[in-house]
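Here's the structure, in structure tokens; my notes come after.
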Amino acid sequence: MTGTTEDRSRPSAPPTTLRRVAASPEEQGRTSIADDEAFRQFVVPEIETMLRVAGTLTRDTGEAEDLVQDALVRAYRGIAGFDGRYPRAWLLTIVRNTHINRGRRKRPEPAEDPDADLDRVARHTTESTVEASVVDIVIDDVVQECLRELPRDQLRIVELVDVAGLTYREAAEKIDVPIGTVMSRLHRARKRMRDHLVRAGIGPGRSRR
Amino acid sequence: MRWTRWWRRRPLTCPEVARLLQRHLDQEVPEHLAVRVQAHLEDCRRCGLEAEAYQQIKQAVRRQGQPLPPEAVERLRAFAASLLEEGKDGAGGPR
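Here the protein sequences line up with chains A and B, keeping their order.
The first sequence: position 89 = 811 (the numbering used here), numbered continuously.
The second sequence: position 93 = 95 (the numbering used here), numbered continuously.
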């Protein structure tokens, strides 16, 4: 129940700005059309990113999916308290905290309200946590964009070495080029990604004069 | 002879480390050289940051390269839709 008076008069309209007004405690836990819209707008488009991050946390496809399911439930319950700023960072914080709680749950512990820390996630996410999440996201986005733009020959080498984990020699044999070619293509590709990161304000170049 | 031995053990310079960095991150330099590169990266802030940036790039590329199972994404989208559907009655979604 976070909509303004104007929102209530047009209940089907999605939020027009990113910033939403946090719900009062007594309103939390209740759902509203505005909250459902916020969930559709902020959460649903990030499911793939959440799954990707969950995969890196759990290193298991099945567990990653379970983790995202739990995180979605928490996001749904917490959407009323979410102010609309940095939705992806907020969601990744939920994924990480849910992952930690799932780990705790496996150990015997006095029963507690599973939603007890929901407010802490929604309201007291530290700036450093948010910043760390945002930095990860920026790096992933920049790298993803760079990979799309890479020349085919460079992309192939990056896939062989960084994704498939081949050695330079194995990669060279695989595509029948000299090792020197593997190295130069790989290094050019990485240099390109590094330069993109610097331009995005992430990376060692930002502190240089 | 002694000079040669010293030369092979002396601390590496920044340009030397820059030339070796990619191979070092890919574990493609011999052990004795890797130790010297690592020592430089720990001492030199600028080269250390450079190495960290490339390491992050490698990790990001690896993440990108792992395709998400489409059926898992579909199931999660359906689950999100079910949260919205079941939340309509004000129950706050399934538990």
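Even for Gly, the Cβ is constructed at its ideal location relative to N, Cα and C.
For residue i, which residues of its own chain have a beta-carbon under 8 Å away from its beta-carbon, when the five flanking residues on both sides are left out?
{"i": "Arg781 of chain A", "result": "none"}
{"i": "Arg7 of chain B", "result": "none"}
{"i": "Pro892 of chain A", "result": "For the record, residue 892 of chain A in the displayed sequence is Glu; it is not Pro. Around Glu892 of chain A: Leu882."}
Verify the CB distance criterion: does residue i have a CB-CB separation below 8 Å to chain A?
{"i": "Val75 of chain B", "result": "yes"}
{"i": "Gly89 of chain B", "result": "yes"}
{"i": "Gln40 of chain B", "result": "no"}
{"i": "Pro71 of chain B", "result": "yes"}
Closer than 7 Å by C-beta to residue i: which residues in its own chain qualify, once you throw out the five before and the five after it? Chain order, please.
{"i": "Asp875 of chain A", "result": "Arg907"}
{"i": "Gly925 of chain A", "result": "Arg916, Leu919"}
{"i": "Arg11 of chain B", "result": "none"}
{"i": "Pro736 of chain A", "result": "Note on Pro736 of chain A: pLDDT 36, under 50, position unreliable in the model; the coordinate value appears next. For Pro736 of chain A, where only same-chain residues beyond five positions count, the Cβ hits under 7 Å are Glu759, Gln763."}
{"i": "Ala786 of chain A", "result": "Leu773, Ala776, Gly777, Thr780"}
So the alpha helix (DSSP H) residue i belongs to, where does it begin and stop?
{"i": "Gln791 of chain A", "result": "783 to 800"}
{"i": "Ala53 of chain B", "result": "47 to 67"}
{"i": "Ile879 of chain A", "result": "874 to 880"}
{"i": "Gln24 of chain B", "result": "16 to 27"}
{"i": "Ala894 of chain A", "result": "890 to 897"}
{"i": "Phe81 of chain B", "result": "72 to 89"}
{"i": "Arg912 of chain A", "result": "901 to 921"}
{"i": "Ile769 of chain A", "result": "769 to 780"}
{"i": "Glu759 of chain A", "result": "755 to 760"}
{"i": "Arg11 of chain B", "result": "4 to 11"}
Is the beta carbon of residue i less than 8 Å from the beta carbon of residue j?
{"i": "Arg921 of chain A", "j": "Ala55 of chain B", "result": "no"}
{"i": "Asp757 of chain A", "j": "Ala811 of chain A", "result": "no"}
{"i": "Leu869 of chain A", "j": "Leu78 of chain B", "result": "no"}
{"i": "Arg64 of chain B", "j": "Asp862 of chain A", "result": "no"}
{"i": "Ala36 of chain B", "j": "Pro13 of chain B", "result": "no"}
{"i": "Ile901 of chain A", "j": "Arg878 of chain A", "result": "no"}
{"i": "Gly777 of chain A", "j": "Thr783 of chain A", "result": "yes"}
Give me, in chain order, the residues of the same chain whose beta-carbon lies closer than 6 Å to that of residue i; leave out the 5 immediate sequence neighbours on both sides.
{"i": "Pro69 of chain B", "result": "none"}
{"i": "Thr903 of chain A", "result": "none"}
{"i": "Asp792 of chain A", "result": "Thr820"}
{"i": "Leu872 of chain A", "result": "Ala911"}
{"i": "Trp9 of chain B", "result": "none"}
Could you tell me whether the Cβ of residue i comes closer than 8 Å to any Cβ of chain B?
{"i": "Phe804 of chain A", "result": "no"}
{"i": "Ala833 of chain A", "result": "Residue confidence is low: Ala833 of chain A scores 48 on pLDDT, short of 50, so the model does not pin down where it sits. Its coordinate-derived value is still stated next. With 8 Å as the cut-off, Ala833 of chain A does not count as an interface residue toward chain B."}
{"i": "His909 of chain A", "result": "yes"}
{"i": "Thr820 of chain A", "result": "no"}
{"i": "Pro926 of chain A", "result": "yes"}
{"i": "Arg826 of chain A", "result": "no"}
Could you please tell me which residues of the segment 858 to 875 of chain A, in chain order, have their CB closer than 7 Å to any CB of chain B?
For chain B, the residues of the segment 858 to 875 of chain A that bring a beta carbon within less than 7 Å of one of its beta carbons are Ile861, Asp862, Val865, Gln866, Leu869, in chain order.
Contact residues within the segment 43 to 65 of chain B, judged by C-beta distance below 8 Å to chain A:
Listed in sequence order: Arg48, Leu51, Glu52, Glu54, Ala55, Tyr56, Gln58, Ile59, Lys60, Ala62, Val63, Arg64, Arg65.
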